[in-house]
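See structure below.
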Amino acid sequence: MDTRDYFGVPLANVQAAQAHHHYAKHLRLNTRVPTRREVASLPAHELHPLLLDWMTRSATEIIPSRVQINEVLAVLRARADQASLLEVVEMCVNYLQQD
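Under my numbering, the first residue of the sequence shown carries the number 25, and numbering increases by one thereafter.
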């Protein structure tokens, strides 16, 4: 696993998140970090829930930072179909504006 493909999230963090999920099955914790390829290619209807789970339901070890979401935005804004991703972009911008 190349951490750059996962917006810098280390494999150890993903493994720790998965371990917590195993012991806390009653919680709906996200343990999946989207890849750059997914952000660059998935249609909005697939990408929106993937990013939403990462930003709002992730185990502590993989909660995205502002830097990581800025990287996601850069990938989204480079897409040829960015007009179809306005809702996804807005969601990311709203995440960055949180205090």
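All residues carry an ideal CB built from backbone N, CA and C; glycine is no exception.
Computed from a predicted model, the values in this text were never measured in an experiment.
> Do L76 and M115 come within 8 Å of each other at the CB atom, strictly closer than that value?
Replying inline: yes
> Would you say A102 faces chain B, with C-beta separation under 8 Å as the test?
Replying inline: Any reference to chain B falls outside this structure, which holds one protein chain only.
>> Could you tell me which whole alpha helix (DSSP H) segments of length 4 or greater appear in the segment 31 to 118?
In response: 35 to 47, 60 to 65, 68 to 80, 90 to 101
> Quick one: Cα of E62 to Cα of L35, how far?
Replying inline: 18 Å
> Rounded C-beta distance between D105 and R60? I'm assuming under 8 Å.
Replying inline: With 8 Å as the limit, D105 and R60 do not qualify as a contact, their Cβ atoms being about 16 Å apart.
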